[in-house]
Amino acid sequence: MTRLPIFIAIAATLIALGMFAYVTDAPAYAGTDSATCNNCHVMDAQYENWYHGGHRNVTECVDCHLPHDNIVSYYIAKGRTGMHDVYMFSMGKTPELIRAKEDTKQIIQGNCVRCHQSTVENIMLGPQPFDRYCWECHRAAAHGQRGISIVPYQDSSLYPTK
Amino acid sequence: FMKNQPAQERAILPQIVEVKPMEPDSSIWGQNFPNQWSTFQQTKDNNIKTTYGGSEKFSHLAEDPRQIILFAGYPFSKDYNEERGHMNSLIDVRATKRLNLTPGDPKETHATCYSCKSSDNPALWQKLGLEGFDSMMFPEMTPDITNPIGCANCHEAGTMRLIVTNPSLENALKAQGKDWKTFTRQEMRTVVCANCHVEYYFVGDKKILTFPWANGTRIDQIIDYYDNINFKDWDYPGTGTPMLKAQHPEYEMYTADSTHFKAGVACADCHMPYVRDGAAKFSSHDVHSPLLNPQQACGQCHTDVDYVVGRVNEIQNQVFTTKQSTEDALIDAITAIQAAAADPNADASLLDQARQLHRKAQFMWDFVSAENSMGFHNPEYILKILADSTNYARQAQMLAAQSVNDPALLETGIYDKMDPKPTPAP
Amino acid sequence: FMKNQPAQERAILPQIVEVKPMEPDSSIWGQNFPNQWSTFQQTKDNNIKTTYGGSEKFSHLAEDPRQIILFAGYPFSKDYNEERGHMNSLIDVRATKRLNLTPGDPKETHATCYSCKSSDNPALWQKLGLEGFDSMMFPEMTPDITNPIGCANCHEAGTMRLIVTNPSLENALKAQGKDWKTFTRQEMRTVVCANCHVEYYFVGDKKILTFPWANGTRIDQIIDYYDNINFKDWDYPGTGTPMLKAQHPEYEMYTADSTHFKAGVACADCHMPYVRDGAAKFSSHDVHSPLLNPQQACGQCHTDVDYVVGRVNEIQNQVFTTKQSTEDALIDAITAIQAAAADPNADASLLDQARQLHRKAQFMWDFVSAENSMGFHNPEYILKILADSTNYARQAQMLAAQSVNDPALLETGIYDKMDPKPTPAP
Ligand SMILES: [Ca+2]
Ligand SMILES: [Ca+2]
Chain X
1 MTRLPIFIAI
11 AATLIALGMF
21 AYVTDAPAYA
31 GTDSATCNNC
41 HVMDAQYENW
51 YHGGHRNVTE
61 CVDCHLPHDN
71 IVSYYIAKGR
81 TGMHDVYMFS
91 MGKTPELIRA
101 KEDTKQIIQG
111 NCVRCHQSTV
121 ENIMLGPQPF
131 DRYCWECHRA
141 AAHGQRGISI
151 VPYQDSSLYP
161 TK
Chain U
1001 FMKNQPAQER
1011 AILPQIVEVK
1021 PMEPDSSIWG
1031 QNFPNQWSTF
1041 QQTKDNNIKT
1051 TYGGSEKFSH
1061 LAEDPRQIIL
1071 FAGYPFSKDY
1081 NEERGHMNSL
1091 IDVRATKRLN
1101 LTPGDPKETH
1111 ATCYSCKSSD
1121 NPALWQKLGL
1131 EGFDSMMFPE
1141 MTPDITNPIG
1151 CANCHEAGTM
1161 RLIVTNPSLE
1171 NALKAQGKDW
1181 KTFTRQEMRT
1191 VVCANCHVEY
1201 YFVGDKKILT
1211 FPWANGTRID
1221 QIIDYYDNIN
1231 FKDWDYPGTG
1241 TPMLKAQHPE
1251 YEMYTADSTH
1261 FKAGVACADC
1271 HMPYVRDGAA
1281 KFSSHDVHSP
1291 LLNPQQACGQ
1301 CHTDVDYVVG
1311 RVNEIQNQVF
1321 TTKQSTEDAL
1331 IDAITAIQAA
1341 AADPNADASL
1351 LDQARQLHRK
1361 AQFMWDFVSA
1371 ENSMGFHNPE
1381 YILKILADST
1391 NYARQAQMLA
1401 AQSVNDPALL
1411 ETGIYDKMDP
1421 KPTPAP
Chain S
2001 FMKNQPAQER
2011 AILPQIVEVK
2021 PMEPDSSIWG
2031 QNFPNQWSTF
2041 QQTKDNNIKT
2051 TYGGSEKFSH
2061 LAEDPRQIIL
2071 FAGYPFSKDY
2081 NEERGHMNSL
2091 IDVRATKRLN
2101 LTPGDPKETH
2111 ATCYSCKSSD
2121 NPALWQKLGL
2131 EGFDSMMFPE
2141 MTPDITNPIG
2151 CANCHEAGTM
2161 RLIVTNPSLE
2171 NALKAQGKDW
2181 KTFTRQEMRT
2191 VVCANCHVEY
2201 YFVGDKKILT
2211 FPWANGTRID
2221 QIIDYYDNIN
2231 FKDWDYPGTG
2241 TPMLKAQHPE
2251 YEMYTADSTH
2261 FKAGVACADC
2271 HMPYVRDGAA
2281 KFSSHDVHSP
2291 LLNPQQACGQ
2301 CHTDVDYVVG
2311 RVNEIQNQVF
2321 TTKQSTEDAL
2331 IDAITAIQAA
2341 AADPNADASL
2351 LDQARQLHRK
2361 AQFMWDFVSA
2371 ENSMGFHNPE
2381 YILKILADST
2391 NYARQAQMLA
2401 AQSVNDPALL
2411 ETGIYDKMDP
2421 KPTPAP
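Residue numbers (my numbering), protein chains in the order written: chain X, 1 to 162; chain U, 1001 to 1426; chain S, 2001 to 2426.
Here it is, written out as structure tokens:
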């Protein structure tokens, strides 16, 4: 009897969360669909360029942006960076220029090597560490050439030009 | 993605108020486009200086008194300041001591000087025609001009398309067989600036605004153009050189195969980068030095913003010191030609060759100096121009000495020895 | 990542044959690294010319006879060819007419000229010491030198680490307080080329190979260095100018804050790009002009390869024409100084100033001309150097005229009027 209100409260909370999850499609954020990342239009450019780049057939965002050495570090990183992104976005703190942070870069580098290990074996070896990011040379591999629009036309039914 | 957007969220249509063609009052356009209008208004109050540019109205003459000597006999030796944001255009053109407002003076300033300063112009040009506009006197035109640069200088009302509004630009493009109506959007993002940021001169007594581009927009083609029509802006005092003055040839310099131009980058990419209001992007209309907002201006293309800003610095310093050496060479040459010209026995042909080289060298220097990026818009081209200019200036001095057979005219480093240095007229 | 790899999977180890330290014979190293070895061998047979470089052994003197005049009195006026791939180093150094092989001649060529031409050197330097090596005569050393440039010039056997093998580079870095053992891998990808692609001179009678870097590697620091020790390579005939010769200062030019260097790019990135054998990639050891394989050399960083190759062209053309103007100015100056020096009444102090400027101007020009990228390694720096050089050359001419009080010495365009042009000695 005295537990009923608590039960109701819990049920209500669950229903509310469920509704929230359903309406906002929040579980998608637990998945890997690249379109999800693009829910935040602040990353349109990265999405668009990935979409048109060579890697789309073989990668989703998380293939590069989350560590894949084991499932624990995968979800820790996912939770941490995900919460960071959501917080910054929701609080309107999105910086003018979104840039991969240093630890993000190390995660990415690990992933380049994960997939391309046999290709880069020769060059990664040696008594001195390989001290550069792959995309210092492969500048367009991930997100295309910066700043230069890869869609030179616009949808004239939506954006008439006259 | 674009399909998912509800149509009414789109920026251009529908518009809250209807803007009539060539509406001079930007605040009316601004009701439809509050972001563009509010950023545009910021051009009024910018006042930060960068190493070589920025928006503070410092005097170029005080900063580098060599220019007082180089412009002797011409209004630029009286008053020549760093330019500021677009909203200041009217205040600044009316305040400059370069204006000659003496009624009836043969050199009285024409309304042509308003050409690039007001959003009233497009309507006035339509009403009066280019000739009608330019043949009026400056004070005569003043009452009709109440708005500084504004939306109507760059946009077509309604469609917001970028357009050529200055009839002189239209003519200059035509002279090259070009029709801007065929240009792509990305091209217009550069060409729209050419309404104003270009070298120009005034034709005839009616002072018709003209761009000297019939042969092309490269420095040698422009010099050829002026030489062919025997044009001069003024006679240099004491040397008798028929001089040319260069003005803000940003467009010509940038489009001369600069590395960014060849890579497809437009003026607006750097000077009007996209900024965000919430999730929507728009072009910042707060046009100023990109060094004041390099994250936005350069960061879209360059990951390492510190690196590119460092490069600008490196390039500008190199251009600045080279430009000063050229100025020293010009001053040495001018001093020699003055001495030779004062000598009635001077060999006229040699002296004339000296003057021709002085004319050419100084215009080349001015083309770099009056350009407002201190070399960044096209570093290699600009440094080559300075190398050639110095070479011609030195040869001018040598010819002057030969013309009077007097090696004493070969003194160098004259400006350095000057004490005190010249100061701008108070 | 390396931690996760079982040691035997790593490509450097295990090696099929053990290579002894400083092994001169590259084919032995090549058994362990067939890809590097087979590409290395291609440097032997390259013979394609690019606009300004490439691997064909054309004569710079025939191509631009001005250089015959500029190097008058010095072996470079006899024979000066475009360089070729690394495997040709011995053939070419032995064939050049710049060698003086007259036994007992005070100017007989020392073994120092082998310093940058053979993989036998590291072992020889260890055995003889730098002084022992350099004080021998060229023909005396010849029997000990049987291998052209090879693996031992750049790598440590066993680890394959990039190392400084030339003791003169080690000394030069030390003089600047630097220790290459602390350099990163990416830094070594540039520094390893500085074993050879640097300006150098010979100290004393033993002709000890030395890099003039104690004050730094910028052009003005190097000139200061030489001026301070009163060094000269030769006396210019007729002018008496104590001249300096510049040689292949690729390293100094490139690292002088060039746009690529500041962006973290190394020589090996462009000249030894990764290529593939099956899926695995390795550094191409077929070192040559990147314009012959721009897809590989530039394409990973620059998606638009046509654009960057077009830029190289643009930059090189601008540098080339500016460099020729500088040469013309130098020839005019030389002619004037010769005339003045022939006049016993010349003012000694003015004439000496003229010589100093000639020395400086010509070294600056040569620093650009002897550098092998025709400006591309550092366009702005190089164009600024040329602008200054021309300015000094013209001032040298003016001082010569002043020293004998004779404006007839101010003639310009002398080379253009020469008919016939000089030809290299047969
Ligand atoms: Ca300004
Ligand atoms: Ca070559």
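Using N, Cα and C, we set each Cβ at its ideal position, and we do this for glycine too.
Bear in mind that the values here come from a model prediction, so they are computed numbers and not experimental data.
The stretch 2135-2210 of chain S is shown to contain whole beta strand (DSSP E) runs of 3 or more residues at 2201-2203 and 2208-2210, in chain order. CA-to-CA, the gap between L1386 (chain U) and Y1226 (chain U) works out to about 19 Å.
Sorting U:L1351, U:V1404, U:Q1247 and U:T1423 by C-alpha distance to the C-alpha of S1369 (chain U) places U:Q1247 at the top. Rounded to whole angstroms, the separation of the alpha carbons of A2175 (chain S) and N1317 (chain U) is 28 Å. Close partners of Q1295 (chain U) in chain X (Cβ separation under 8 Å): E96 and L97. At a cut-off of 8 Å, the C-beta of T2146 (chain S) has no neighbouring C-beta in chain U. With a threshold of 8 Å between beta carbons, G1238 (chain U) makes no contact with chain X. By the neighbour-count criterion, in which 16 or more other beta carbons inside 10 Å mark a residue as buried, N1147 (chain U) falls on the buried side.
At a cut-off of 8 Å between C-beta atoms, R1094 (chain U) does not count as an interface residue with respect to chain X. Residue contact with chain S for E102 (chain X): absent (no Cβ-Cβ distance below 8 Å to any residue of chain S). If you draw a straight line from the Cα of P1422 (chain U) to the Cα of R1066 (chain U), it is about 8 Å long. Between the alpha carbons of E2156 (chain S) and L2357 (chain S) lies a distance of about 45 Å. Where V86 (chain X) is concerned, the enclosing alpha helix (DSSP H) starts and stops at I71 to S90. Between the alpha carbons of R1394 (chain U) and Q2395 (chain S) lies a gap of roughly 8 Å. Among the residues facing chain X, F2071 (chain S) is not included, as its CB has no counterpart in that chain under 8 Å away.
For V1309 (chain U), there is no enclosing beta strand (DSSP E); the enclosing alpha helix (DSSP H) covers residues V1305 to A1341. E1063 (chain U) and K1049 (chain U) have their alpha carbons spaced roughly 13 Å apart. In the displayed model, D1025 (chain U) falls within coil according to three-state DSSP, outside both helix and strand. With a cutoff of 7 Å, S2055 (chain S) counts as near ligand 2, since its C-beta is closer than that to a heavy atom of the ligand. Around the beta-carbon of A2346 (chain S), 16 or more other beta-carbon atoms lie within 10 Å, marking it buried. Relative to ligand 1, R1084 (chain U) has its C-beta within less than 7 Å of a heavy atom. Nearest to A1408 (chain U) by alpha-carbon distance, out of S:D2366, S:D2092, S:A2266 and S:L2350, is S:L2350. Cβ contact annotation for I1222 (chain U) (same chain, cutoff 6 Å, sequence separation greater than five): P1212, in chain order. Only those residues of the stretch 1188-1221 of chain U whose C-beta falls short of 9 Å from the nearest C-beta of chain S would be listed, and there are none. With a cutoff of 8 Å on beta-carbon distance, P2294 (chain S) and V2309 (chain S) are scored as near each other. Taking 8 Å as the cut-off, the beta carbon of A2342 (chain S) is found no closer than this to the beta carbon of A2400 (chain S).
Rounded to the nearest whole angstrom, the CA to CA distance from E1056 (chain U) to S1038 (chain U) is 20 Å. DSSP places F2282 (chain S) inside the beta strand (DSSP E), whose first and last residues are A2280 to S2283.
Taking one beta carbon from each stretch, the stretch 81-98 of chain X and the stretch 2115-2129 of chain S have fewer than 3 pairs nearer than 8 Å; the two do not touch.
Scanning its chain for C-beta atoms nearer than 7 Å, with the 5 sequence neighbours on each side dropped, one finds around S2325 (chain S) the residues T2390, in chain order.
Taking 9 Å as the upper bound on Cβ-Cβ separation, chain S lies near residues T119, V120, E121, N122, I123, M124, L125, G126, P127, Q128, P129, F130, D131, R132, E136, C137, H138, R139, A140, A141, G144, Q145 and I148 of the stretch 119-148 of chain X. Of all residues in the stretch 2253-2275 of chain S, those with a C-beta nearer than 8 Å to a C-beta of chain X are G2264, D2269 and Y2274, reading in chain order. For V1093 (chain U), the uninterrupted alpha helix (DSSP H) run begins and ends at S1089 to A1095, by DSSP. G2073 (chain S) sits close to W2234 (chain S), with the two beta carbons spaced by under 8 Å. Closest option to Y2201 (chain S), judged by alpha-carbon separation, among S:P2139, S:M2364, S:Q2036 and S:K2245: S:K2245.
Between Y1251 (chain U) and N1378 (chain U), the C-beta gap is not smaller than 8 Å, which leaves the two residues out of contact.
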